[in-house]
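A.B. asks: Before anything else, here's the structure in question.
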Amino acid sequence: MKIPVQSRQCSDILRCDIIAHDKEVYDIAWGGMGVFASVSTDGSRHQASVNAIAWASHSSCHICTAGDDSQALIWDLSSMGQLVEGGLDPILACTLGAEIEQLQWSSSQSDWVAIAFASKL
8 MKIPVQSRQC SDILRCDIIA HDKEVYDIAW GGMGVFASVS TDGSRHQASV NAIAWASHSS
68 CHICTAGDDS QALIWDLSSM GQLVEGGLDP ILACTLGAEI EQLQWSSSQS DWVAIAFASK
128 L
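In this note's numbering, the protein residues as written are 8 to 128.
Right, here's the structure in full:
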């Protein structure tokens with residue numbers, strides 16, 4: 008089956024560069040219309056590179072990040088606009104036995120997060 012493809016001129020494509028990290032970006036996740044988050048090798052709030060991020064399916068202000076420090080951290084972003092002494096701390100932390108490569112928040116079970124590390128899920 009042949010699918011027709013329309014050719015687009017470069018000027019028709021919107022491009023926006025956002026500088027948010029000092030090093031490579033490994034994952035991005037959309038949290039709603041015009042809202043996204045990203046994770047990077049700069050280790051933002053982790054002890055090592057951050058490999059994965061997922062927004063909670065039930066909440067627009069909760070995300071989970073995971074990385075090479077073997078930690079999955081859940082964050083409540085509802086206080087992001089407020090000045091918090093010492094910065095934002097995770098509301099829940101889970102330390103596993105190996106670097107975490109990927110994670111996904113369940114869309115049907117709001118309190119479940121699938122985490123891939125080593126050869127485990």
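We treat Cβ as the ideally placed atom computed from N, Cα and C, and that holds for glycine. Because the structure is a prediction, the values reported are computed rather than measured.
Considering Ala100, what are the terminal residues of the beta strand (DSSP E) in which it resides?
C.D. replies: Ala100 -> beta strand (DSSP E) spans Leu99 to Thr102.
A.B. asks: Quick check: Ala123 and Gln109, are their CB atoms within less than 8 Å of each other?
C.D. replies: Yes, the Cβ-Cβ distance between Ala123 and Gln109 is below 8 Å.
A.B. asks: Could you tell me the boundaries of the beta strand (DSSP E) in which Ala121 lies?
C.D. replies: First-last of the beta strand (DSSP E) with Ala121: Val120 to Phe124.
A.B. asks: Rank Ser86, Ile70, Ser113 and Lys127 by C-alpha distance to the C-alpha of Val46 and give the top, closest one.
C.D. replies: That would be Ile70, whose Cα lies nearest to the Cα of Val46.
A.B. asks: Could you pull out every residue in the same chain whose Cβ sits closer than 7 Å to the Cβ of His65, ignoring the five residues on either side in sequence?
C.D. replies: So the list reads Ser117, once near-sequence residues are dropped.
A.B. asks: Could you give the DSSP three-state label for Ser113: helix, strand or coil?
C.D. replies: Here Ser113 sits in coil by DSSP.
A.B. asks: Looking at the strands, I want to know which residues DSSP matches up with Ala63.
C.D. replies: Note: Ala63 sits in no beta bridge, so no partner.
A.B. asks: In terms of residue numbering, what span does the beta strand (DSSP E) encompassing Gly94 cover?
C.D. replies: Neither: Gly94 is in no beta strand (DSSP E) and is coded neither H nor E.
A.B. asks: Among Thr102, Asp96 and Ala59, which has the Cα closest to the Cα of Leu84?
C.D. replies: Taking only the C-alpha atoms, the option nearest Leu84 is Asp96.
A.B. asks: Hey, would you say Ala61 sits closer than 8 Å to Asp75, going by beta carbons?
C.D. replies: Result no, Cβ atoms of Ala61 and Asp75 do not sit closer than 8 Å.
A.B. asks: Grouping DSSP H, G and I as helix and E and B as strand, with all else coil, what is Ser45?
C.D. replies: Of the three classes helix, strand and coil, the one that applies to Ser45 here is strand, per DSSP.
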